[in-house]
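One structure below.
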Amino acid sequence: MTSRPPFHPDDGRPRYVGPATVVFPDGREVSVIASLVLRLDPSTVENFSYDRHSTWAGSVTLVRDEEGVDLFDAAPGILRMPDGRESEFMATGGSAGESGCSGLGPAPFHSA
1474 MTSRPPFHPD DGRPRYVGPA TVVFPDGREV SVIASLVLRL DPSTVENFSY DRHSTWAGSV
1534 TLVRDEEGVD LFDAAPGILR MPDGRESEFM ATGGSAGESG CSGLGPAPFH SA
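Residue numbers for the sequence shown follow our numbering, so the first one is 1474 and each next one is one higher.
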């Protein structure tokens, strides 16, 4: 059997995989497992603006099926980490229970 490279090669970028909460625009909250990666360090981009650049991305998956919940409705939504840090994100596609996400502000899981 041929070995394959790791899914996430150790590229040195900060990552977070663990529990989080998605807050929808209407205030509903659901528990998710987030798998996130820091895409870029704002200090390395000339004329950086959170309005034009996404610094983090990944996916969010519902912890349990919840009737009437579609993660794509979090457009935009808030991702809240267990320590209380949060940031706005856009759901980027997927299914009702699992969606890609693209951060709209500072990464809630990393401090530069």
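The beta carbon of each residue, even a glycine, is placed where N, CA and C say it ideally should be.
- Taking C-beta atoms under 8 Å as the contact rule, threonine 1534 and glutamate 1561 fail to qualify, at a distance of about 19 Å.
- Restricting attention to Gly1541, Arg1558 and Gly1566, the CA atom closest to the CA of alanine 1548 is found in Gly1566.
- DSSP places phenylalanine 1545 in the helix class (H, G or I) of the three-state scheme.
- A straight-line Cα-Cα distance of about 42 Å links asparagine 1520 and aspartate 1538.
- The DSSP-derived three-state label of glycine 1550 is strand.
- When DSSP reads this structure, proline 1492 sits in a beta bridge with Ile1506.
- For the pair isoleucine 1506 and valine 1495, the Cα-to-Cα distance works out to about 10 Å.
- Excluding residues up to 5 positions away in sequence, Asp1546, Ala1547 and Gly1550 lie with their Cβ nearer than 7 Å to the Cβ of phenylalanine 1497 in the same chain.
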